[in-house]
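Participant: Here it is: the structure, laid out below.
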Amino acid sequence: MPTTHSCIICLEIIVENFTTLKTCGHVFHYDCVEQWVTRSKTCPVCRIKTHSNQLLKLFFEEVHTIDVEKLVIKNQKLLTKLEEKQTTNEALKIENDTLQKQLIETIAKKEECERNLNVERKSHKRIVKSIRTESSNCTIDLTYSPPIIPRKKLSKRNESSGAGDGGGGDATTIDLTPAETEEPRKKKSKRNETKYIL
Numbered sequence: 024m025p026t027t028h029s030c031i032i033c034l035e036i037i038v039e040n041f042t043t044l045k046t047c048g049h050v051f052h053y054d055c056v057e058q059w060v061t062r063s064k065t066c067p068v069c070r071i072k073t074h075s076n077q078l079l080k081l082f083f084e085e086v087h088t089i090d091v092e093k094l095v096i097k098n099q100k101l102l103t104k105l106e107e108k109q110t111t112n113e114a115l116k117i118e119n120d121t122l123q124k125q126l127i128e129t130i131a132k133k134e135e136c137e138r139n140l141n142v143e144r145k146s147h148k149r150i151v152k153s154i155r156t157e158s159s160n161c162t163i164d165l166t167y168s169p170p171i172i173p174r175k176k177l178s179k180r181n182e183s184s185g186a187g188d189g190g191g192g193d194a195t196t197i198d199l200t201p202a203e204t205e206e207p208r209k210k211k212s213k214r215n216e217t218k219y220i221l
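Note that the numbering used here has the sequence shown beginning at 24, numbered continuously upward.
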């Protein structure tokens, strides 16, 4: 409370309705001092002459006591939290800078890959165009079939027959190419013999 002063008239602690006399400054309950001054016209404490128009009401605001120790502890906790936040903020700034650098490097790599891709596409287009040009100049007719060449036959006169008959023997035809269905010849001697068809 603002004060623990007691009213000299009623001997009770003044809690509210503070009233002072302008002539001397003593404090009383309003109701107590008003009745007193109306009867005696003097101050109850110092007996100075006064009137009811010299009464002045006082108003005090209640002020709560402050626990300094609690405020100090609270302040220390807040400072600790602030330091933690600042440390976290610094770490986040470093991480942000790292991510920014990685982003710049990634963008640069992406642009380089796009340039290489464009170069490869142009090279691919040139190769495809060259292949198409060459293929258009190399047309093959798949319906063409080569003519069948008949087997060559050689005609000779049988000299041995001509010598015995005086040159009047029949002509003998010698087929020098083997028939497709002919079985493989058997070797009769060290030299290959020619098969005669009569």
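Every residue gets a Cβ at the ideal spot worked out from N, C-alpha and C, and that includes glycine.
State the DSSP-derived secondary structure class of H147, mapped to helix, strand or coil.
Facilitator: helix
Participant: Would you call the CB atoms of C66 and H52 closer than 8 Å?
Facilitator: no
Participant: Taking 8 Å as the threshold (beta carbon to beta carbon), is N112 in contact with chain D?
Facilitator: Of the protein chains in this structure there is only one, and it is not chain D.
Participant: Can you tell me the Cα-Cα spacing of I36 and V91, whole angstroms?
Facilitator: I36 and V91 have their C-alpha atoms roughly 29 Å apart.
Participant: Going by DSSP, which residues form a beta bridge with F83?
Facilitator: According to DSSP, which records beta bridges pairwise, F83 is partnered with nothing at all.
Participant: Going by Cα to Cα distance, which pick from L105, N76, F82, R138 is closest to T61?
Facilitator: N76
Participant: Just the C-alpha distance for V151 and R144, rounded to the nearest angstrom, thanks.
Facilitator: A direct Cα-Cα distance of roughly 10 Å separates V151 from R144.
Participant: Less than 8 Å between the beta carbons of T46 and I71, yes or no?
Facilitator: yes
Participant: Would DSSP call I36 helix, strand or coil?
Facilitator: DSSP places I36 in the strand class (E or B) of the three-state scheme.
Participant: According to DSSP, is V68 part of a helix, a strand, or is it coil?
Facilitator: Correct three-state label for V68: coil.
Participant: What residues in its chain sit with their C-beta under 7 Å from that of K64, if we drop five residues either side in the sequence?
Facilitator: K72, T73, H74
Participant: Residues in the same chain with beta-carbon distance under 6 Å from C55, minus the five sequence neighbours each way, listed in chain order, please.
Facilitator: Taking C-beta separations shorter than 6 Å and ignoring five residues to either side along the sequence, the partners of C55 in its chain run C30, I32, C33, following chain order.
Participant: Which residues bound the alpha helix (DSSP H) around T61?
Facilitator: 53-63
Participant: Over the uninterrupted beta strand (DSSP E) stretch that includes T43, give me the two end residues.
Facilitator: 41-44
Participant: What does L78 pair with, by DSSP beta-bridge criteria?
Facilitator: L44
Participant: So who's on the other strand from V50, going by DSSP bridges?
Facilitator: BP columns for V50 point to T43.
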